Structure formats: structure tokens, C-alpha cells
Amino acid sequence: MTSSELFINQAALSTVPAAGFGALTRAPMRAHRLLPGYQPTPLRDCPQLAERLGVGSVLVKDEARRLGLPSFKILGASWAVLQTLARTWLPGGTADLSVDQIREQLAGQHNRTLAAATDGNHGRGVARMAALLGLGCTILVPDGTVAARIAAIAAEGATVRTVLGSYDDAVAESALLADEKTLVISDTSWEGYEQTPRDVIDGYSTMFFELDDELSARGQPAPTFVALQAGVGAFAAAGLRHFRGHSRGHSRGHSRGHDRGHAIDPASHDRVRTVVVEPATANCLMASAKAGQLAEVPGPHRSAMAGLNCGLPSQIAWPIVAAGTDTFLAIDDDLTYQAMRLLGEVGVEAGESGAAGLGGMLAIAQDPAVREAAGLTTDSRVLIINTEGATDPVNYAAVMSDRVGAGGDR
Numbered sequence: 001m002t003s004s005e006l007f008i009n010q011a012a013l014s015t016v017p018a019a020g021f022g023a024l025t026r027a028p029m030r031a032h033r034l035l036p037g038y039q040p041t042p043l044r045d046c047p048q049l050a051e052r053l054g055v056g057s058v059l060v061k062d063e064a065r066r067l068g069l070p071s072f073k074i075l076g077a078s079w080a081v082l083q084t085l086a087r088t089w090l091p092g093g094t095a096d097l098s099v100d101q102i103r104e105q106l107a108g109q110h111n112r113t114l115a116a117a118t119d120g121n122h123g124r125g126v127a128r129m130a131a132l133l134g135l136g137c138t139i140l141v142p143d144g145t146v147a148a149r150i151a152a153i154a155a156e157g158a159t160v161r162t163v164l165g166s167y168d169d170a171v172a173e174s175a176l177l178a179d180e181k182t183l184v185i186s187d188t189s190w191e192g193y194e195q196t197p198r199d200v201i202d203g204y205s206t207m208f209f210e211l212d213d214e215l216s217a218r219g220q221p222a223p224t225f226v227a228l229q230a231g232v233g234a235f236a237a238a239g240l241r242h243f244r245g246h247s248r249g250h251s252r253g254h255s256r257g258h259d260r261g262h263a264i265d266p267a268s269h270d271r272v273r274t275v276v277v278e279p280a281t282a283n284c285l286m287a288s289a290k291a292g293q294l295a296e297v298p299g300p301h302r303s304a305m306a307g308l309n310c311g312l313p314s315q316i317a318w319p320i321v322a323a324g325t326d327t328f329l330a331i332d333d334d335l336t337y338q339a340m341r342l343l344g345e346v347g348v349e350a351g352e353s354g355a356a357g358l359g360g361m362l363a364i365a366q367d368p369a370v371r372e373a374a375g376l377t378t379d380s381r382v383l384i385i386n387t388e389g390a391t392d393p394v395n396y397a398a399v400m401s402d403r404v405g406a407g408g409d410r
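In my numbering, the protein residues as written are 1 to 410.
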């Protein structure tokens, strides 16, 4: 049996707030192009998924392979590392410099270290950047992190430490590592620590600009319905800034004809619809939306969607998510397992967190009343982002052979 919980956000706005963020630019994309192995990730047309969801079309932005890693997270980690270095150890900045040039500048600064907390993918991205730049690296993971994800981080040359507790406990412990020789590169924020997490969010913009460029090259219209999975909300905030940001072009169907601060008319069809998908046991964004303020969902958070197992939203991401999300949706693991299999059938390798967006769309599509409430129609052009590949190979093999997800044990 599958289950889900839906919350329609009556406070959603046509334009998300930009407080603390600068204008959306392609500066992160220019930096990413200088990294070894950069190329845009595939944008796949999936008519089989469109038929399954009963919509006009489905596009899948496939981040299963990004800069040599199995996740989009390296985009945020790399930009945040470069920006933080420019503010601290490299006063001359990092703009237009290759990693080899930056590494050369850092060579005389001994015992310099990067640190982060992670459920897997963000920490591996930070570790990869540390290796490229010749820096030390310490990554903290919560108790219960899959061995394959720990091994992958260690293979980047990082020291991995397990924290007894949740991801949020690992974040709290990582904050204590910051000093003059250790830079903490976190994708979530806390009081007094905000700029680096903003850089992480900005770094994710590259995938959405790639999407724009690819659709323009194909002569295809923009999506009208976007599913964004969420842990602390950084990735969701990046997507919402792109599709609901004040600077988006009106001709592409983003936020046309709406005044800032006015609630969205549920019957309106001239803007992109948004749904944010979370695990049912770690739906801190939904809980916050219901409460009208930041709310914590206590652990343990044991969903297979490990990258989304977060109990507390990012303070800087939350205002964007609160304003830009039409529908909050919490799903159980069986729905993401179904989505993994469906994506596999169309040639997309998706890990548990990677498939969560499609898992949410399955929950919406199967109930006519939910479809109507969320604004999903037979003409919708749906965008799904596969945010990771098979980062837990053992569970992935079990899911694809249907040994889990139908009431069986993981």
C-alpha cells in the first residue's frame, strides 16, 4: 500500500522573495564550465511517463551523472567552495580561474580544510572539490548512513566521521569545526551562517539555465508544472527562484501578469505550477507551511530517500519555499520505489531521492480530486528532476528487481 499527504498552500505568491539573494545570473554556470568534465546533463522527453500521469508531456532533467559524480549536488558544493574561498583565503577571487590555478594559489596555505555535514551527495561534492584544490576534508554523516555512500565520500580522500543522531545533529556538530583553517561548506543555514548556503542555492541554478537553453534550442515551450523534491529546501528554493523569480522573462510563461504579494488564483493557468515533495517521516517544509513558521519534525528519519531525511528547514530557503510552493506533498517509500522502476523503464537510473519528484506526481495523478487541487491537467507540461543516480547500489538492485516497495523489508 502507498500513502501520501497533500497540503495546498493558500499563502503561495506569484513571485518569490529575493531577500539576501542577488539577481539570478549565469556566473555559477561560467565557473562550472571550468571544472573538469563539465557538460550539460540530458533533458529527456518521456512520453511513456506522460501517458502514465495523464498529462501533455513529461521532461526529465537527468542528474544521475554530473561532473563525474552521481548527483546534482556538486553544482552547489563547487560554487559555494569557490565563493567561500574568494571571501576568505583568496582575496584576489576565483573568477575565471581553473581549479589548477586556484590549487596553485592555495599551495602555500598549509593544513587548510573543508568540512560539511551530509546524508551523502553534498558531502561527496565538497570532498571532490577539496581533492581538486589540494585541501583536507572532513565530512560528518548521521548514524545509519548507507555504507556505500560513506565509502564513496572516503574514496574522494575525505575523513568521514559518523555522528550518533540525525542529519540535523551532524549539521550542528559540523558547525563546531569552523575556525581560521577550516571552512564549513553547508547546504543548510543557521543563525549567523547564511552566505555559504546561499551560494549553494545559487550554484544549483546551472541545471535550470541548461534547461532553458535546451528548450530554446529545441523550440519547445517552458514547463507548466514543476515537481521539486526537498530535504532542507535548498534545491527546491533554487527551482522556485528560477520559475517564480521576479527576474524571469514574461514571454516564457513565468509569473506573467501577477503583482508581487498577491495570492495566486487557484484557477489561473498562466504560470508554472509547483509541488514540493518530501518523505512522509521528514516533511519539515510541509509542517512549517501548516504552522506558518519554521517547524521541526523530530527524528528518527528513516526513509530510503536519505538525501531528503531532514527535520528542520534551512532558514534562508524557507521564505522562498513558503512563497513559491503551490502544493506540499509527503510520500512514503513505496511511491519513490514505483517511480524508480518507471524511470528505469525509460532509461533513467534514479536513486531513492532522485525519483521522489516522480513519486509525488504519481500520488497526484492517481486521484482526480488531488489533480484538480494541485492544478494538474491533461495539457500540463511536467518537469521532473532526477537528482541522483543509484547511490545505494544494493537497495537499487532490490528495488529494480521488485524485492522491496511492495510491503517487503529493505
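Glycine included, each C-beta is placed from N, C-alpha and C at the ideal position.
Model, not experiment: these values are computed from the prediction.
- Message: Less than 7 angstroms between C-beta atoms, sequence neighbours within five positions excluded: which residues of the same chain meet that for Pro197?
- Response: By one-based count along the sequence shown, residue 197 stands at place 197. Taken in chain order, the residues that qualify are Ser186, Asp187, Thr188, Ser189, Ala234, Ser314 and Ile316.
- Query: Exposed or buried, what is Glu349 when buried is set at 16 or more other beta-carbons lying within 10 Å of its beta-carbon?
  - Reply: As a working note, residue 349 is residue 349 in the sequence shown. With 16 or more Cβ atoms within 10 Å of its Cβ, Glu349 is classed as buried.
- Run the CB neighbour count on Ala397, radius 10 Å, all protein chains shown included, and call it buried at 16 or more, exposed below. Residue 397 sits at position 397 when you count from the first residue of the sequence shown. Per the 10 Å Cβ criterion, exposed.
- Query: How many whole angstroms separate the CB atoms of Ala238 and Ser205, which I take to be in contact at a CB cut-off of 8 angstroms?
  - Reply: Taking the first residue of the sequence shown as 1, we reach residue 238 at position 238. Taking the first residue of the sequence shown as 1, we reach residue 205 at position 205. Yes, they are in contact, since the Cβ atoms of Ala238 and Ser205 sit about 6 angstroms apart, within 8 angstroms.
- Message: Could you check whether the segment 26-42 touches the segment 91-101, counting it as contact only if at least three pairs of C-beta atoms, one from each stretch, sit closer than 8 angstroms?
- Response: yes
- Scan the segment 308-387 and note each continuous beta strand (DSSP E) run of 3 residues or more that stays entirely inside, going in chain order. 327-331 and 381-386
- Does the distance from the CB of Ser174 to the CB of Ala117 come in under 8 angstroms? As a first step, residue 174 is located in the sequence shown; it is residue number 174 there, counting from the start. As a first step, residue 117 is located in the sequence shown; it is residue number 117 there, counting from the start. Against a cut-off of 8 angstroms, the Cβ pair of Ala117 and Ser174 comes out as a contact.
- Message: Buried or exposed for Arg26, going by 16 or more other Cβ atoms inside 10 Å?
- Response: The residue you call residue 26 lines up with position 26 of the sequence shown. It is exposed - the Cβ of Arg26 has fewer than 16 other Cβ atoms within 10 Å.
- Hey, out of Gly375, Glu210 and Gly360, whose CA is closest to Tyr38's CA? Position 38 of the sequence shown, counted from the start, is the residue given in the question as residue 38. Nearest of Gly375, Glu210 and Gly360 to Tyr38, Cα basis: Glu210.
- Query: Is the Cβ-Cβ distance between Thr162 and Cys137 less than 8 angstroms?
  - Reply: Mapped onto the sequence shown, residue 162 falls at position 162. Mapped onto the sequence shown, residue 137 falls at position 137. In this structure, Cys137 does not lie closer than 8 angstroms to Thr162 by Cβ.
- Three-state class that DSSP yields for Cys137 in the structure shown: Position 137 of the sequence shown holds residue 137. In the structure shown, Cys137 sits in a strand (DSSP, three-state: E or B).
- Contacting residues, own chain, Cβ-Cβ under 7 angstroms from Asp143 (five flanking each side not counted): Indexing the sequence shown from 1 puts residue 143 at position 143. Hits under 7 angstroms: Thr162, Val163, Leu164 and Gly165.
- Integer Cβ distance of Ala356 from Leu285, believed to fall under 8 angstroms: On the sequence shown, position 356 is the one that residue 356 refers to. On the sequence shown, position 285 is the one that residue 285 refers to. In fact, because the Cβ distance is near 13 angstroms, the residues do not count as touching under 8 angstroms.
- Should the segment 334-348 be regarded as contacting the segment 360-370, the criterion being three or more beta carbon pairs within less than 8 angstroms? yes
- Lys61: buried (16+ other C-beta within 10 angstroms of its C-beta) or exposed? Stepping through the sequence shown from its first residue, residue 61 is reached at position 61. Buried, because 16 or more other Cβ atoms sit within 10 Å of the Cβ of Lys61.
- Determine the DSSP secondary structure at Lys181, reduced to helix, strand or coil. Along the sequence shown, read from residue 1 onward, the residue named residue 181 stands at position 181. Lys181: coil per DSSP, three-state reduction.
- Limits of the beta strand (DSSP E) - the one that Pro279 falls within: Taking the first residue of the sequence shown as position 1, residue 279 is located at position 279. Unbroken beta strand (DSSP E) run through Pro279: Arg273 to Pro279.
- Task: Would you be able to state if there are at least three C-beta pairs under 8 angstroms between the segment 41-59 and the segment 107-114?
- Result: no
- Thinking C-beta only, is Gly311 closer than 8 angstroms to Leu412? No information on residue 412 is available, as it lies outside the stretch 1 to 410 that the chain covers here.
- Message: Considering only the alpha carbon of each residue, which of Ala374, Met400 and Met207 lies closest to Ile74?
- Response: Numbered from its first residue, the sequence shown carries residue 74 at position 74. Comparing Cα positions, the closest option is Met207.
- Item | DSSP-derived helix/strand/coil call for Gln10 | Locating residue 10 in the sequence shown gives position 10, where the first residue counts as 1. Gln10: coil per DSSP, three-state reduction.
- Query: Do Val200 and Gly76 come within 8 angstroms of each other at the CB atom, strictly closer than that value?
  - Reply: Here residue 76 refers to the residue found at position 76 when the sequence shown is read from its first residue. Here residue 200 refers to the residue found at position 200 when the sequence shown is read from its first residue. Yes.
- Query: Can you tell me whether Asn121 is buried or exposed, with buried defined as 16 or more other CB within 10 angstroms of its CB?
  - Reply: The count along the sequence shown starts at 1 and reaches residue 121 at position 121. So Asn121 counts as buried.
- Supposed contact pair Val171 and Ala236 - C-beta distance, whole angstroms, cut 8 angstroms: Reading the sequence shown from its first residue, position 236 is the one you call residue 236. Reading the sequence shown from its first residue, position 171 is the one you call residue 171. No, Ala236 and Val171 are not in contact; Cβ-Cβ is about 18 angstroms, not under 8 angstroms.
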